[in-house]
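One structure is given below, encoded as structure tokens.
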Amino acid sequence: MLNSPRIFLDAVSKYCVTHGIQIEIRAAGWLVVMRRGTKQHLAFGYDLGLNSSVAHRIANDKAATAEVLHALGIPCVPHTVFFSPQMNEVMPPQASWEAMIAILRANPSGVVIKPNEGTSGNSVFRVSNGPELELAAHRIFASSPSLAMSPWLDIEDEVRVVLLDDRPLLVYSKSRPTILGDGVRSVLELALAGMPYEMRSTVFSDMIYNLDSATLNSIPPPGERQLLSWRHNLDKGAQPVLLGEGKVRDDCVELAAQAANAIGIRFSSIDVVNVNGAWKILEINSGVMMEALGRLHPELVYAAYSAALDKVFD
Ligand SMILES: Nc1ncnc2c1ncn2[C@@H]1O[C@H](COP(=O)(O)OP(=O)(O)O)[C@@H](O)[C@H]1O
Ligand SMILES: [Mg+2]
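Below is the structure:
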């Protein structure tokens with residue numbers, strides 16, 4: 008987890024300095040107060056304040072997003088919400104366990120469960136049987152009031168589209184960390200040898216959590232490529248790769264724009280996944296976080312936040 012939105016703050020500060028806007032950074036970097044003349048504008052976290060409250064809340068809620076998109080016929084990954092038993096006092100009890108088991112039974116490849124309002128791949132579990140489901144649900148409910156459940160999908164590619172009022176500002180795919188077998192070294196040794204030093208702690212904590220010791224100690228045959236994480240989160244070691252002009256980019260942008268319009272969001276980052284050759288929306292983020300991309304392409308990240316701030320101040 009990041010301690011403060013550093014690249015976001017650098018970009019916003021630079022914009023303010025070059026546009027004659029006073030800036031005050033508070034709450035360890037999470038609250039930004041901007042003033043020009045009589046106009047005051049606030050940013051909170053990665054939210055520049057362009058989105059309506061309802062768009063923000065729907066984007067934050069994976070099951071609500073999927074429900075809106077599904078109702079409008081926009082291809083998306085289904086997410087079904089279940090509430091923690093601690094919510095029984097405020098929500099009608101749902102007999103959640105039977106319903107969760109029914110979804111698991113209906114999906115022989117397993118399911119993915121995650122906090123319904125989660126981010127950054129935290130507490131996202133793949134489960135394939137009842138005991139695994141029980142353990143994962145228990146872990147999520149320890150810190151979240153609700154979880155979202157989806158069928159497990161074999162995601163070939165995940166693309167992020169940063170959109171501002173239908174205009175794609177950035178489009179990049181997320182390349183997961185891998186190793187290439189040499190028939191001599193174990194998965195763990197190859198991962199250690201191939202990983203840049205600064206990425207080790209991120210990738211390793213996720214790898215230990217994902218791969219069992221038999222897999223870590225196994226020796227892949229020469230030339231065999233193996234994923235170190237099944238998740239595409241940049242915070243967990245995936246790398247952003249900018250997409251050039253072409254059909255993939257166009258298809259992802261078009262689908263992302265449909266999704267943004269469906270929930271009425273203006274500035275967002277939308278994740279689109281390819282499953283069996285078809286693109287679907289995975290999630291919409293109303294806070295636009297580009298820390299990982301900013302380490303590689305600070306100028307592109309600055310341009311994207313500037314375009315959004317122009318909408319605020321013009
Ligand atoms: N149903 C699914 N099937 C397979 N992989 C999934 C599924 N849902 C999520 N993932 C993987 O987990 C990652 C994190 O899930 P996501 O829904 O984006 O949650 P978060 O908001 O925590 O990033 C995704 O980038 C994707 O790689
Ligand atoms: Mg995500």
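Quick note, the sequence shown lines up with residues 8 to 321 if you use the working numbering. From the three backbone atoms N, C-alpha and C, an ideal C-beta is built for every residue, glycine too.
Notebook entry, point to check: Do GLY56 and VAL319 have their C-beta atoms within less than 8 Å of each other?
Noted result: A contact, by the Cβ cut-off of 8 Å.
Note to self: Given 7 Å as the limit, tell me if PRO158 has its C-beta closer than that to any heavy atom belonging to ligand 1.
What the structure shows: Using a cutoff of 7 Å, the CB of PRO158 counts as near ligand 1, since one of the ligand's heavy atoms is closer than that.
Check: In the structure shown, what three-state DSSP assignment does LEU199 receive?
Finding: Three-state DSSP puts LEU199 in a helix.
Item checked: Cβ shell of SER116 (< 6 Å), same chain only, five flanking positions each side left out -> The beta carbon of SER116 sits closer than 6 Å to those of TRP159, all from its chain and outside the five residues before and after it, given in chain order.
Checklist line | Helix, strand or coil at VAL19 [DSSP, three-state] | finding: In the three-state DSSP reduction, VAL19 falls in the helix class (H, G or I).
Margin query: Spatial neighbours of PRO82 within its chain, please: C-beta separation below 6 Å, excluding the five flanking residues on both sides.
Written below: These residues qualify, in order along the chain: LYS287.
Next item on the list: Whole angstroms is fine: what's the gap from LEU316's alpha carbon to ILE291's?
Entry: Spanning the two alpha carbons is a distance of roughly 20 Å.
Item checked: Proximity below 8 Å, CB of VAL169 to CB of SER180 -> No. Outside cutoff.
Notebook entry, point to check: How about SER151 and PRO122: are their beta carbons less than 8 Å apart?
Noted result: Yes, the pair counts as a contact, with Cβ atoms nearer than the cut-off.
Item checked: Residues near GLN93 in its chain [Cβ-Cβ closer than 8 Å; skip 5 each side] -> Excluding the 5 residues flanking it on each side, GLN93 has same chain C-beta neighbours closer than 8 Å at PHE148, PRO152, in chain order.
Next item on the list: Within its chain, find whatever has a CB closer than 6 Å to the CB of ARG273; leave out the 5 residues flanking it on each side and keep chain order.
Entry: The beta carbon of ARG273 sits closer than 6 Å to the beta carbons of LEU57, ASN58, ASP172 from its chain, once the five residues preceding and following it are set aside; these are given in chain order.
Item checked: In chain order, each beta strand (DSSP E) run of at least 3 residues that lies wholly inside the segment 134-210 -> Counting whole runs of 3 or more residues, the segment 134-210 contains the beta strand (DSSP E) stretches 153-158, 162-171, 174-182, 185-187.
Note to self: According to DSSP, simplified to helix, strand and coil, what is ILE30?
What the structure shows: Of the three classes helix, strand and coil, the one that applies to ILE30 here is strand, per DSSP.
Next item on the list: Using the Cα positions of THR72 and ILE270, report the straight-line distance between them to the nearest angstrom.
Entry: Taking the straight line from one Cα to the other gives about 8 Å.
Note to self: Is it the case that the segment 202-209 contacts the segment 226-233, given that we only count it when at least three CB pairs across the two stretches are under 8 Å?
What the structure shows: The segment 226-233 is not in contact with the segment 202-209.
Notebook entry, point to check: How many Å lie between GLN47 and GLU261 at the Cα?
Noted result: Roughly 34 Å between the two C-alpha positions.
Item checked: Where the alpha helix (DSSP H) containing ALA266 begins and where it ends -> Its alpha helix (DSSP H) spans residues 254-270.
Item checked: When ALA310, ALA221, LEU140, ILE277 are compared against LEU76, the one with the closest alpha-carbon -> Ranked by Cα distance from LEU76, the first of ALA310, ALA221, LEU140, ILE277 is ILE277.
Item checked: Ranges of the alpha helix (DSSP H) found wholly within the segment 36-75, counting only runs of at least 4 -> Annotation note: the segment 36-75 contains the following uninterrupted alpha helix (DSSP H) runs of length 4 or greater, listed N- to C-terminal: 60-67.
Note to self: Can you look up ARG232 in the DSSP assignment and give me helix, strand or coil?
What the structure shows: ARG232 falls in the strand class under three-state DSSP.
Next item on the list: With a threshold of 7 Å, establish whether the CB of ASP242 neighbours any heavy atom of ligand 2.
Entry: For ligand 2, not one heavy atom lies less than 7 Å from the Cβ of ASP242.
Check: Looking at the unbroken alpha helix (DSSP H) that takes in ILE108, where does it start and where does it end?
Finding: Residues 103-113.
Notebook entry, point to check: Buried or exposed: which applies to MET107, given that a residue is buried once 16 or more other Cβ atoms fall within 10 Å of its Cβ?
Noted result: Buried.
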